[in-house]
Amino acid sequence: MPEAASIYKVDKVLLVAIRDNITDTDIINLQEDLSERIVSEKARGVVIDIAALEIVDTFVGRILAQLSAISRLLAAETYIVGMRPAVAMTLVELGMDLPGSKTALSLSHALRALKAKGLA
Amino acid sequence: MSGPPAEPAARVELRQERDVAAARLAVSRVMDAMGARALRKTRFVTAVSEIARNALDHGGGGVIEVWRLDRPARIMIRCRDEGPGIADIDQAMTDGFSTARSMGKGLGGARRLVEAFRIDSRPGVGTTVEMEARP
Amino acid sequence: MTAAMTEVSRLLQEDFEEVVDAWFATQKREGVRRPDLFSDRESRRQLSDLLRAFADTLGRIDLSQSVDVDAEEWSDLRLALSEITLVRAERGVAPWEMTTFVLALKQPVFGKLNERLRDTPDRLLQEAADFGRIVDAFAMHINEHFIAERDEIIERQRAEMMELSTPVVQLWERVLTIPLIGTLDSMRAQEVMENLLNAIVEHQAEVVIVDITGVRVVDTQVAQHLLRTAAAVRLMGAEAIISGISPKIAQTMVELGVDVGEVTTRPSIRAALAEAFRRVGFAITRVEDTRA
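Chains as they are written, first to last, in this note's numbering: chain U, 50 to 169; chain S, 176 to 310; chain R, 134 to 425.
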């Protein structure tokens, strides 16, 4: 089984691209990998690209919220980017509007925001 | 619950976690074949994900069957498990109720995402959920 | 192929034009001819096509089985049918008219059958019963097909109207607005949200102004729809500003206990636009004051 996500480092930012139709274990593993990478690479920003995700259910939604919270604790500002309209509408319907997570339209929007704050 | 007439278009056994992903994919493909709109597909497949995970986590596994129904065109799934059952369905359907890790938005959320939702659960026998939506 | 329907098949071959005429006449008598939709000539042509497909189908089906109009043998007839139903559904013909239209075929065929099989009542009864069974199944099918067709048209018209009633307008680079007018029920709220989110992607918009100046009533449900729209906009990575909140609506919302949380609100679309410009990094300045 391929990795649930690829993590790249660009300057001080970790870019995470999540693959479609991941299993629960995959995304829990991603949570661990990402936390370790933030510390080892001294990242100040994290961008999680979920454009490939056709489905974000309550479980994945909760992990996304946790990823943001963990990164914040590790002093890396985190953006969730590329959410599809249908996914956004479904999440709101599920009552999961990820209040603690920052969002941006796309990777470049998030990078611009991080640069403006001197984090990228 | 009375059975639909034809053979299911897809059938997925839920034994391990990756079967939940397989169930999502199977339903997604059937809806693609029906020419489903993106929003309707996302809503329905998300609901399937919730109940499939529920059957695995609480029901100890089960099976999902998928049908294409006509007049009007719609998709229907049935998810059965032979787990301990849900003692209080009304409570389980309320947001915030959870006996495990799903944070308790799953069942109630799934019901809001589909056009028809039926649940039949008996303690000691198991739980059956049926859901329908237009493509 | 059973022998039971041979006479009906034969009479449909030999007396084809007569049956069409009689069918046509019965339809006229029953008031389902619809001269407002089709000329006599066009109507007759439709009936001929339909009857020919029907006669061909009779030769293919097995009468010892139950009649299944969805089966392969019926495909020609279903095709001939779809042309007729589509036009009628589009022009608002009622389902009962469609059913009567088909059932009107019974009378002329029964009449002809009676002439031909007068001396063998057993066969007459058998063929009439079989033919009746098939026409009934056909009428049932046409009815279902017709209703499905009509539902589709209604759905399409509803979608078109929704689109018309919820236009998303680009005000400036990266700034959109959606002026809401009238009532905001659940169905419309979902439509609004979908249009808006798709437009955000299309225009790569960062700020969207949801203007409710034209919304008559803001109750708890409408407020929930607005807040959910704002929440979905934020998940996409854009920001929503709700504008057009009159003093009266503000009072009502507080009385209802609606908490807008982090969502930005402005009394007018003008104030919202100024805020939107600020966020995307533009400013409106007066070029020169000529009124001095």
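Positions of the beta carbon are idealized from the N, C-alpha and C atoms, including for glycine.
Comparing alpha carbon positions, the residue from U:I71, U:V96, U:S55 closest to S157 of chain U is U:V96. Between L160 of chain U and R93 of chain U, the beta carbon gap of about 12 Å keeps them out of contact (Cβ cut-off 8 Å).
Looking at the DSSP output, Q191 of chain S bridges to nothing.
When secondary structure is reduced to three states using DSSP, D98 of chain U falls in the strand class. Looking at the DSSP output, V238 of chain S bridges to S:E188, S:R255. Look at P134 of chain U here: in three-state DSSP terms it is helix. Note: Q303 of chain R is bridge-paired with R:L309 in the DSSP secondary-structure output. No Cβ of chain R is located within less than 8 Å of the beta carbon of T127 of chain U.
G347 of chain R sits in a strand when the DSSP states are folded into three classes. With contact defined as three or more Cβ pairs closer than 8 Å, the segment 197-207 of chain R and the segment 268-280 of chain R are in contact. In this structure Y57 of chain U is exposed. Its beta-carbon is surrounded by fewer than 16 other beta-carbon atoms within 10 angstroms. Beta-bridge annotation (DSSP): L63 of chain U is paired with U:K58, U:V95. Of all residues in the segment 140-167 of chain U, the ones placed with a Cβ closer than 8 Å to any Cβ belonging to chain S are E142, L143, G144, M145, in chain order. DSSP, read as helix, strand or coil, puts D295 of chain S in strand.
Here Q160 of chain R is not near F264 of chain R, since their CB atoms are 8 Å or more apart. The beta carbon of G110 of chain U lies closer than 8 Å to those of L140, L143, M145, L147 in the same chain, with the five residues before and after it left out. At a cut-off of 8 Å between beta carbons, R243 of chain S makes no contact with chain R. By the C-beta density criterion, I239 of chain S is buried, having at least 16 other C-beta atoms within 10 angstroms. Proximity of E421 of chain R to chain S, defined by a Cβ-Cβ separation below 8 Å, is not satisfied.
Each of R:Q259, R:A188, R:W156, R:T232 was checked against the Cα of R177 of chain R, and the nearest Cα belongs to R:W156. R193 of chain S and I261 of chain S have their C-alpha atoms spaced approximately 24 Å apart. Looking at the backbone, the Cα of S181 of chain R and that of D173 of chain R are separated by about 12 Å.
Under the three-state reduction of DSSP, A153 of chain U is assigned to strand. Contact check for Q80 of chain U against I104 of chain U fails: the beta carbons are separated by 8 Å or more. Within 10 angstroms of the beta-carbon of Q191 of chain S lie fewer than 16 other beta-carbons, which makes it exposed.
Within 10 angstroms of the beta-carbon of Q146 of chain R lie fewer than 16 other beta-carbons, which makes it exposed.
If you look at I264 of chain S, you'll find it isn't in any beta strand (DSSP E); it sits in the alpha helix (DSSP H) that goes 264-267. Annotation: E305 of chain S to P254 of chain R spans about 52 Å, alpha carbon to alpha carbon. Within the segment 102-113 of chain U, contact with chain S at the beta-carbon level (separation under 8 Å) is assigned to E103, I104, V105, D106, T107, F108, R111. Using a C-beta cut-off of 8 Å, the segment 314-321 of chain R makes contact with the segment 287-304 of chain R, since at least three inter-stretch Cβ pairs fall below that distance. Close partners of M138 of chain U in chain S (Cβ separation under 9 Å): L214, T217, R218. At least 8 Å separates the CB of P310 of chain S from every CB of chain R. Between the segment 381-398 of chain R and the segment 276-287 of chain R, the count of Cβ pairs shorter than 8 Å is below three; the stretches do not touch. For T190 of chain R, the enclosing alpha helix (DSSP H) has its first and last residue at 173-191.
Taking the Cα of G258 of chain S as reference, the smallest distance to any Cα among S:Q266, S:A227, S:R212, S:A285 is reached at S:A227. When R:K239, R:Q179, R:A407 are compared, the shortest CA-CA separation from L219 of chain R is found for R:Q179.
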